[in-house]
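Heads up, the thing below is written out as structure tokens.
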Amino acid sequence: MKAKDMRELDNRELDKRLHALKEELFNLRFQHATGQLDNPIRLREVRRSIARVKTIIHERAGQA
Numbered sequence: 019m020k021a022k023d024m025r026e027l028d029n030r031e032l033d034k035r036l037h038a039l040k041e042e043l044f045n046l047r048f049q050h051a052t053g054q055l056d057n058p059i060r061l062r063e064v065r066r067s068i069a070r071v072k073t074i075i076h077e078r079a080g081q082a
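Quick note: to get the numbering used here, add 18 to the position in the sequence shown (first position is 1).
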């Protein structure tokens, strides 16, 4: 999901998205440690998505 699309979500949806991404990152790290990860680039993609969501949340907190 692109940052433009994420900005259209409300805070509750962003929190849900952040939680889901953190769970996915945990699972990917576990798979990576056990050698079962098929696509290691997905780790980077998920980390960057988490950063995007956090940035949007912090921007909104600064505006309020």
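For every residue, glycine included, the Cβ atom is placed at its ideal position computed from N, Cα and C.
Looking only at V71, Q81, I59, the smallest Cα-Cα distance to R25 is reached by V71. DSSP, read as helix, strand or coil, puts K22 in helix.
Shown here, L43 sits in a helix according to DSSP, grouped into three states. Looking at N57, I59, A82, A69, the one whose alpha-carbon comes closest to that of A21 is A69.
Per DSSP, the unbroken alpha helix (DSSP H) holding Q81 starts and ends at 59-81.
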